[in-house]
Each structure stands twice: as C-alpha cells, then as structure tokens.
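Numbering (this note's numbering), first residue to last: 77 to 298.
Structure first, commentary second.
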Amino acid sequence: MNSENRLLVSYFTLKKLIGWMAILVPFILALLNWILFRGGLGSSVSSYYHTNVGRVFVGTFCSIGVFLLAYKGYKRLDTDKIYQFSDNIVANLAGVFTIGVALFPSAPMEPSNNDEIIAIIHAVFSALFLASLAYFAFFLFTKTHPPNVTHPFTDEDQRIAYLRKKKQRNLAYRISGIVMFPCIALMGVNTLLGNALQAIRPVFWLEALAVATFGFSRLVNG
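As structure tokens, then:
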C-alpha cells in the first residue's frame, strides 16, 4: 500500500471513528456509571463530569475534539458561492467547541458563584457544538462533489448510479439535520420549564439523540 492509499485509509478511518464515538459516548458513560458505580442516569451527558466516570467524559470529548481538528474535508471551489465555510473550517470550530464542553463543566449539584459562571460558558460551548454538528449534517454533507474533481466518471451509467446514491445520502443527511435542530430547540424549552421534567432526564436524551444522529450522518458520509 503506497503512502497516498495509507493516508486515504487513515482519513476514512478517522471519519468513521468520529461517527461511532458520537453514537456511543452518551450510552457508554451511562452504562459505565451504572455498572461500575451503581449511579443513576445523568441529568445530561455533561453531568457525568461530576461522577466517577468524569475522566472518561473529559478524555472522550477531548479526543473527539482533536479528531475534528485533525479532520480535513471538502475544499470549497472558487465557483461555489453558496456556502461561506468549507467543512474543514466548521470541523475546526466544532473541535474547539467540543474541547470547551469537556474543559468547562456543567454546574454541580451545589454550585458556587464561580461554578455558575463556568456553567454558562459550558452551555454556550454545548449549544455551539450541537449547532455546528447540525450544520455539518444538513448543509455540508449534502454538498455534491463535481464529477471532474473527485469522481471522474468513465460512462453515463456510472454517473447516474453515483447521483442516485448521492440523493439517498442527502436524504439521510437532511433527516439528521431535521432531527438535530429541534433537539437543540427543545433543550432551550426545557431550560425555561426549570425542573418540571427533570425526572425523565430530557436533556440527556435530547443530547444523546442529537449527537448520535450526527454520528449516523458521519458514518453515511463515509
């Protein structure tokens, strides 16, 4: 295997790793906390920072952030005037937001004034993190690579087959975005409601669904 092929394999491996980590992380944290420490379901994915699996939370989210920073994706063409950011720029921003989520924790059960300030920073990073993932799925993954740049088709049948598969993938991406944006909005609604729904852990499930949906779209993207 030559160096170019090795780089290509590493690139696709990195994308799949990001996808699987996004899908599994919320549930791995919950299972580890329950199996090893008999802990209950967290109020949010971020709440596991304050549990016995807090180091797992920080390490995993920092790893995802580094992977996103290392990701080099679709490069925008000069003729493309629709989107202002290429996906590698959004990936870098998402990576910074992800690391911010890990390093600036949510508030503990009995927060001090400093804890509350850090929690606000955490909430901003969390919202930007989820919004950047939703933007990825709905807007960037749906971009079609020009055939003469990344898909040199040898015949018309090959081009038609590619476009058919691309339409199917685009549908999956748009469904992912349609799922993720309401999750973010519903978390805001839950904040306005206070603790009215806390018993069913709405933030955890909404965060888990949003992140897992991005992971699914990442895997579909290949």
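For glycine and all other residues, C-beta sits at the position ideal for the given N, C-alpha and C.
None of these values were measured; they are calculated from a predicted model.
- The criterion of a C-beta distance shorter than 8 Å is satisfied by S293 and Y249.
- Look at the beta carbons and you see the region 118-126 touching the region 273-281: at least three pairs across the two are nearer than 8 Å.
- Around the beta carbon of I111, a 10 Å sphere encloses fewer than 16 other beta carbons of the protein chains shown; the residue is thus reported as exposed.
- Each residue's CA atom was taken as its position, placing L93 and L285 some 18 Å apart.
- Boundaries of the alpha helix (DSSP H) harbouring A284: P278 to N297, taken from the DSSP string.
- About 5 Å separates the Cβ atoms of G253 and A213, confirming a contact at the 8 Å cut-off.
- Contiguous beta strand (DSSP E) elements confined to the region 221-276 do not occur, taking only those with 3 or more residues.
- By the criterion of a C-beta distance shorter than 8 Å, A199 is surrounded in its chain by S182, once the five residues flanking it on both sides are discounted.
- For V121, the secondary structure class from DSSP, reduced to helix, strand or coil, is coil.
- Rounded to the nearest whole angstrom, the CA to CA distance from A261 to V287 is 14 Å.
- Excluding its 5 nearest sequence neighbours in each direction, I140 has C-beta neighbours in its own chain below 6 Å: M97 and T174, listed in chain order.
- Sequence-distant partners of F180 (beyond 5 residues in either direction) whose C-beta falls short of 7 Å from its own C-beta, in its chain, are I194, I197, H198 and F201.
- The beta carbon of G95 is closer than 6 Å to those of G291, R294 and L295 in its chain, skipping five residues each way along the sequence.
- The beta carbon of R245 is closer than 6 Å to those of V296 in its chain, skipping five residues each way along the sequence.
- Non-local C-beta neighbours of L247 in its own chain, meaning closer than 6 Å and more than five positions away in sequence, are absent.
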